[in-house]
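The listed protein sequences derive, respectively, from chains G and A.
Going by my numbering, the first sequence wraps up at 460, each residue one higher than the last.
Going by my numbering, the second sequence wraps up at 165, each residue one higher than the last.
The structure under discussion appears below in the form of structure tokens.
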Amino acid sequence: MSERVILCIGTKKGLFVAEAPKTRRTFALRGPFSSGVAVYSALIDARGAPRLYASSCNAFFGMKVLRSTDLGKTFNETKSAPAFPKEDGRALVNIWSLEAGDTKKELWCGVEPASLFRSSDGGDSWEMVPSISNHEHARKWQPGNGGLCMHTILRDGNRVHLGISTGGHYLSEDRGTTFTASNQGVGAGFAPDPYPEFGQCVHKIAGHKDAPGRLYMQNHGGWAKWDGPGGPRPDIGVLRSDDHGKTWRSIAKGLPSDFGFPIVVHPDDADTVYVLPLEPSTRTCPGAAPAVWRSEDGGGSWKRLARGLPKKESFFTVQRDAMDIDELKSPALYFGTTTGQLWIGRDGGEQWSCLYDSLPPIHCVKVAVV
Amino acid sequence: MTRAPSIKIDIPGALRDCCGGATELSLAVSSVRAALEQIERRYPSLYRNICDETGAVRRHINLFVNTSHVRDREGLDTALVPGDVVTILPAISGG
Chain G
91 MSERVILCIG TKKGLFVAEA PKTRRTFALR GPFSSGVAVY SALIDARGAP
141 RLYASSCNAF FGMKVLRSTD LGKTFNETKS APAFPKEDGR ALVNIWSLEA
191 GDTKKELWCG VEPASLFRSS DGGDSWEMVP SISNHEHARK WQPGNGGLCM
241 HTILRDGNRV HLGISTGGHY LSEDRGTTFT ASNQGVGAGF APDPYPEFGQ
291 CVHKIAGHKD APGRLYMQNH GGWAKWDGPG GPRPDIGVLR SDDHGKTWRS
341 IAKGLPSDFG FPIVVHPDDA DTVYVLPLEP STRTCPGAAP AVWRSEDGGG
391 SWKRLARGLP KKESFFTVQR DAMDIDELKS PALYFGTTTG QLWIGRDGGE
441 QWSCLYDSLP PIHCVKVAVV
Chain A
71 MTRAPSIKID IPGALRDCCG GATELSLAVS SVRAALEQIE RRYPSLYRNI
121 CDETGAVRRH INLFVNTSHV RDREGLDTAL VPGDVVTILP AISGG
């Protein structure tokens, strides 16, 4: 069967799946699945026979994990969803991240309140990972505006990187047996200490398979004019690490705002990184004119990409998991908005067009070529 | 030894898949808590939809004994007598 592009679009009212041939000329939309229920995370596991996963965050009946083995034509609930041990005292509020593990059936899952779960049977059973879920810092983390969520799980051999809002970046170098707060150079704007050991409001972390030591972070920026204790903290919002996340440095110079949620790396070039700057006070695009900003030199300089996007009167937010990039030769970016629009940026974001303009508010967008 | 009374649990449509399509269950129990414990053993999927992992009834789930909300009686310790009907109702509310 010829390759095609599959998009998973998690919204406030369920999951949609869009499919297109490699030309991406036209997309066919399916769904909503788990209709009426919010979907905050999705995973397209393209290893071998593709499997699609999504979280279904039901306010009435609790969390579910959905699985599809037919490219999103049908979804079924797995036999169980992550759950804290009864004696733990915490209850699952949301599922924020799903990532593939080493084996075909291994899955990792980040949840709210910030904790990590692992499944070895494709999501039918789950066990809590105590090294981070019961970390000595865990009961000191504070919820951000979106809740106390573990939203990023990045794996690189024995290393596991976690992003927690509001907890910071945690690194394991032993496949998750132990975790250490690793936030040197990651600023926080809402604490007297501008560079605490942990507790930063990390929004998203991205890496690249060919540059394992290199990481990019969208942190909670927007503190350049802070006049409280500790003084202003300019440019703490967009960061880069070259040592597996042990130290971080700002790459925010040249952006119109260092606040934003998603951060995405080009599939074939670890120096090319994309962000979508937002006004820190409103979480909308600067000047009401949306734009993705691209750096082709690892954050040394930035270029505004807005051809085809609205030039004015546009007041949406793009959430942390709502931007992705495909892996075709000339990759396309995709982002979904809180106003229900799904945009595609062809030719690496040079030319934008709206694929769907009236979906429910979009929480996450994942793309894969299968 | 006293035999526990037989009561009926009314299952909402959205949860019937969790108990083989049954619209109601008959249980020999003498309190709401005992009813939930039996549901946990016999229909774990149904239980997870009603209670979270701490054992608390989910925030938007209401349990009624006949026409009384259990919160207005003795909560999960509300006693049940033969013929009682426990109704599970998701609170359809909000925007």
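A virtual CB, placed ideally from N, CA and C, is assigned to each residue, including glycine.
Just so it is clear, the structure is predicted and the values come from calculations on it, not from any experiment.
Is it buried or exposed, residue i, if we count other Cβ atoms within 10 angstroms and call 16 or more buried?
| i | result |
| --- | --- |
| lysine 315/G | exposed |
| arginine 410/G | buried |
| serine 158/G | buried |
| aspartate 122/A | buried |
| asparagine 148/G | buried |
| alanine 139/G | exposed |
| serine 450/G | According to the sequence provided, residue 450/G is proline. The question's serine does not apply to it. So proline 450/G counts as buried. |
| proline 367/G | buried |
| valine 135/A | buried |
| lysine 154/G | buried |
| glutamate 94/A | exposed |
| glycine 93/G | According to the sequence as given, residue 93/G is glutamate; it is not glycine. Exposed, because fewer than 16 other Cβ atoms sit within 10 Å of the Cβ of glutamate 93/G. |
| glutamate 202/G | buried |
| valine 151/A | exposed |
| arginine 137/G | exposed |
| asparagine 467/G | Residue 467/G falls outside the range modelled here, since chain G spans only 91 to 460, and no answer is possible. |
| alanine 173/G | buried |
| alanine 161/A | exposed |
| aspartate 358/G | exposed |
For residue i, would you say it is in contact with chain A, using Cβ-to-Cβ distances shorter than 9 Å as the test?
| i | result |
| --- | --- |
| proline 122/G | no |
| proline 175/G | yes |
| serine 158/G | no |
| phenylalanine 405/G | no |
| arginine 180/G | yes |
| serine 255/G | no |
| serine 131/G | no |
| serine 170/G | yes |
Work out the CA separation of residue j and residue i for me, nearest whole Å.
| i | j | result |
| --- | --- | --- |
| proline 302/G | leucine 133/G | 21 Å |
| proline 284/G | threonine 268/G | 26 Å |
| alanine 126/A | valine 460/G | 42 Å |
| proline 175/G | leucine 85/A | 23 Å |
| isoleucine 222/G | asparagine 235/G | 21 Å |
| proline 379/G | valine 363/G | Position check: residue 379/G holds alanine in this sequence, whereas proline was assumed. Going from the Cα of alanine 379/G to the Cα of valine 363/G covers about 20 Å. |
| histidine 298/G | serine 124/G | 32 Å |
| cysteine 89/A | asparagine 119/A | 11 Å |
| arginine 384/G | alanine 458/G | 21 Å |
| alanine 171/G | isoleucine 254/G | 20 Å |
| glutamate 217/G | leucine 161/G | 27 Å |
| leucine 142/G | histidine 241/G | 18 Å |
Please work out which residues of its chain come closer than 8 Å, Cβ to Cβ, to residue i, disregarding the five sequence neighbours upstream and downstream, and give them in chain order.
| i | result |
| --- | --- |
| valine 328/G | Tyr306, Met307, Gln308, Asn309, Gly311, Ser340, Ile341, Ala342, Leu345, Asp348, Gly350, Ile353, Val365 and Gly389 |
| glycine 145/A | Val102 |
| alanine 360/G | His298, Asp300, Ala301, Arg304 and Gly388 |
| arginine 143/A | Val135 |
| alanine 105/A | Ile77, Ile79, Leu97, Val99, Leu150 and Val156 |
| proline 319/G | Pro282 |
| serine 443/G | Gly398, Trp433, Ile434 and Arg436 |
Going by beta carbon distance, what residues of the same chain come within less than 6 Å of residue i, once the five residues before and after it are set aside?
| i | result |
| --- | --- |
| tryptophan 338/G | Gly275, Val276, Leu329 and Ser331 |
| tryptophan 198/G | Glu189, Gly191, Arg208 and Ile243 |
| tryptophan 392/G | Gly344, Leu345, Trp383 and Ser385 |
Can you list, in chain order, the residues of its chain whose CB lies under 7 Å from that of residue i, leaving out five sequence neighbours each side?
| i | result |
| --- | --- |
| arginine 265/G | Asn248 and Val250 |
| glycine 121/G | Gly104, Leu105, Phe106 and Val107 |
| threonine 164/G | Ser158 |
| lysine 402/G | Ala378 and Ala379 |
| leucine 159/A | Pro82, Asn132 and Phe134 |
| threonine 116/G | Ala110 |
| leucine 116/A | Leu85, Cys88, Cys89 and Ile109 |
| glutamate 440/G | Leu395 and Arg397 |
Quick check: is the beta carbon of residue i nearer than 9 Å to any beta carbon in chain G?
| i | result |
| --- | --- |
| glutamate 107/A | no |
| glycine 153/A | no |
| leucine 95/A | no |
| glycine 83/A | no |
| alanine 161/A | yes |
| glutamate 123/A | yes |
| alanine 126/A | yes |
| isoleucine 166/A | With chain A running from 71 to 165 in the structure shown, residue 166/A is simply not present. |
| arginine 118/A | yes |
| histidine 139/A | no |
| arginine 111/A | no |
| arginine 103/A | no |
| leucine 129/A | In the sequence on display, residue 129/A carries arginine and not leucine. Yes, arginine 129/A lies at the interface with chain G (some Cβ there is under 9 Å from its Cβ). |
Taking 9 Å as the CB-CB cut-off, is residue i touching chain B?
| i | result |
| --- | --- |
| phenylalanine 150/G | Protein chains in the displayed structure are G and A, and chain B is not among them. |
In chain order, which continuous runs of the beta strand (DSSP E) of length 3 or greater are located wholly inside the stretch 121-152 of chain G? 132-135 and 141-148
Segments of 3+ residues assigned as beta strand (DSSP E) that fall wholly inside the stretch 280-352 of chain G: 292-297, 305-309 and 328-331
Pick out the complete beta strand (DSSP E) segments inside the stretch 171-232 of chain G, 3 residues or longer, and give them in chain order. Segments of the beta strand (DSSP E) lying fully in the stretch 171-232 of chain G: 184-190, 197-202 and 205-209.
Counting only runs that start and end within the stretch 84-159 of chain A, where is the alpha helix (DSSP H) found for 4 or more residues in a row? 102-112 and 114-120
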